[in-house]
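Take the sequence shown: its letters are residues -25 to -1, 1 to 270, numbered as in mature numbering (1 follows the signal peptide of the UniProt record, and there is no 0).
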Amino acid sequence: MFRKLTLTASAIALSLGAFASPAMADDHAETSGPALWSLSDEDTTIYLFGTIHVLPEGETWYDERIASAFDSSEELVFEIAMDDMEGAAQAMAGLAMLPEGQTLRSLMTDENRAEYEAAMEGLGLPAGALDPVEPWAATLNLSMLPLLQAGWQPNSGVEMVLRQRGENKQRGALETMEEQVALFDTLPMDAQLELLDATVENLDRVVSSLDLMKAEWLEGDADALGEIMNAEMDDPELRERLLVNRNRNWVDWLETRLDTPGTVFVAVGAGHLAGEGSVQSLLAERGLTVERIGN
């Protein structure tokens, strides 16, 4: 199904989170710190902030520019609702299980199984640790392990920080956990196995790739981040599924939200705000101006 897959945790960490365009104002303003944009009309302002879902503990990124936009917002919107993550994780776990009597490794070729088992051993895990789950779930788990072992933590990720700071804000979500899981769960089994194989092949560069992405994110260089994302997620069908189709849905939501007065802070994976098919470029296609907010 997918002709070439090099998707790694680095791409996932920025998409599950823009290039210049005529309708985008001053996309190359001199900035430091993660990029921040605004979409507004006469009575509504929507801030667009790209996140990294996992970060090293103690990473500093919440500057005065971001704080000003965040503090002025009455509503905080994430990709998914962040208030019942335990329940969402349980629902995800249920969908991830293989049918009884089937194991993950039984679905692999001998060659791929050997490579997978070597990767698990390299991570200090039993070869059968992920045997009960479908390949897509193994991909997500396996791709996170090098980051966790290197000190990257979901609790240090941008969403968790914003969630704590925004306890008293109205909350919203662009999609459900079930919709996000379905992006992978509805992949044909052959495609899931290809994705897992690609992840195994790229495990040794997961941390270095995300380190590079983090550096560009902290510099606010959306163009450079987009180039890296394009290289990491280089299959058009997969990019369409994980990024562009979702961006189109979110643009519908943003355009509709402009009809309701107020100030909203929307935080999504930085991959959605960088590269071809970004939220900003799709908004520009509709004649909506997105302004880059500099220091």
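Just so you know, even glycine gets a beta-carbon here, dropped at the ideal spot from N, CA and C.
Taking only three categories from DSSP, how would you classify residue i?
i: Gly262; result: coil
i: Arg84; result: Note on residue identity: the sequence assigns Thr, not Arg, to residue 84. Looking at Thr84 - three-state DSSP - the assignment turns out to be coil, as it is neither helix nor strand.
i: Met119; result: helix
i: Leu(-21); result: Note that Leu(-21) scores a pLDDT of 47, beneath 50, so its modelled location is shaky; the value from the coordinates is reported in the next line. It is coil, neither helix nor strand.
i: Val29; result: coil
i: Tyr37; result: coil
i: Ser256; result: helix
i: Ile21; result: strand
i: Met208; result: coil
i: Ser15; result: strand
i: Met72; result: strand
i: Met95; result: helix
i: Ser183; result: helix
i: residue 290; result: Summary: the structure shown does not reach residue 290, with the chain confined to residues -25 through 270, and so no result is reported for it.
i: Thr174; result: helix
i: Leu213; result: helix
i: Gly201; result: helix
i: Thr114; result: helix
i: Met164; result: helix
i: Met188; result: helix
i: Glu134; result: helix
i: Gln77; result: coil
i: Asp227; result: helix
i: Met67; result: helix
How about residue i and residue j: do their beta carbons lie closer than 7 Å?
i: Phe240; j: Tyr22; result: yes
i: Phe53; j: Glu134; result: yes
i: Thr114; j: Leu170; result: yes
i: Leu30; j: Ser131; result: yes
i: Glu49; j: Gln145; result: yes
i: Thr19; j: Pro236; result: yes
i: Ile268; j: Leu14; result: no
i: Thr26; j: Ala242; result: yes
i: Val254; j: Trp225; result: yes
i: Leu149; j: Leu120; result: no
i: Gln155; j: Trp111; result: no
Leaving out five residues before and five after residue i in sequence, what residues of the same chain have Cβ atoms less than 7 Å from its Cβ?
i: Asp106; result: Thr78, Leu79 and Arg80
i: Asp16; result: Leu233
i: Thr238; result: Thr20, Ser47, Ser48 and Glu49
i: Glu92; result: Ala102
i: Val219; result: Gly252
Smallest Cα separation from residue i: which of the options?
i: Ala197; options: Phe45, Phe24 and Gly97; result: Phe24
i: Thr46; options: Ala125, Leu137, Gly33 and Gly103; result: One detail in the question is off: residue 46 reads as Asp in this sequence, not Thr. Measuring from the Cα of Asp46, the nearest candidate turns out to be Leu137.
i: Asp160; options: Ala71, Met95 and Asn116; result: Ala71
i: Ala245; options: Glu194, Val182, Trp228 and Glu32; result: Glu194
i: residue 273; options: Trp12, Glu109 and Val181; result: Outside the modelled stretch of the chain, which goes from -25 to 270, sits residue 273, for which no answer is possible.
i: Ala157; options: Gln139, Ser183 and Glu109; result: Glu109
i: Met67; options: Glu153, Ser13 and Arg214; result: Glu153
i: Gly8; options: Glu39, Pro101 and Asn224; result: Glu39
i: Ala206; options: Asp85, Asn87 and Leu187; result: Leu187
i: Gly201; options: Ala173, Leu248, Ala104 and Leu82; result: Leu248
i: Gln124; options: Ala104, Gly147 and Leu100; result: Leu100
i: residue 271; options: Met57, Leu185 and Pro211; result: One cannot answer for residue 271 here, as it falls past the ends of the chain, which runs -25 to 270.
i: His28; options: Gly76, Gln128, Thr84 and Leu82; result: Gln128
i: Arg216; options: Gly252, Ile41, Thr35 and Ala104; result: Gly252
i: Leu122; options: Ile55, Thr35, Glu230 and Ser184; result: Ser184
Bridge partners of residue i, per DSSP?
i: Leu51; result: Arg146 and Phe240
i: Trp127; result: Pro31
i: Arg267; result: Trp12
i: Val108; result: Met72
In chain order, what residues of the same chain have a beta carbon less than 8 Å from the beta carbon of residue i, not counting five sequence neighbours either side?
i: Ala64; result: none
i: Gly33; result: Ser131
i: Arg223; result: Leu257
i: Ala94; result: Leu117, Val175 and Leu178
i: Ala44; result: Leu11, Ser13, Tyr22, Phe24, Phe240 and Ile268
i: Glu90; result: Asp172, Val175 and Glu176
Should residue i be flagged as near chain B, meaning a C-beta pair shorter than 7 Å?
i: Leu213; result: In summary, chain B is missing from the structure at hand, where a single protein chain is found.
Report all residues from its chain with a CB closer than 6 Å to the CB of residue i; omit the five preceding and five following residues, and keep chain order.
i: Gly250; result: Gly201, Met204 and Asn205
i: Asn87; result: Asp172
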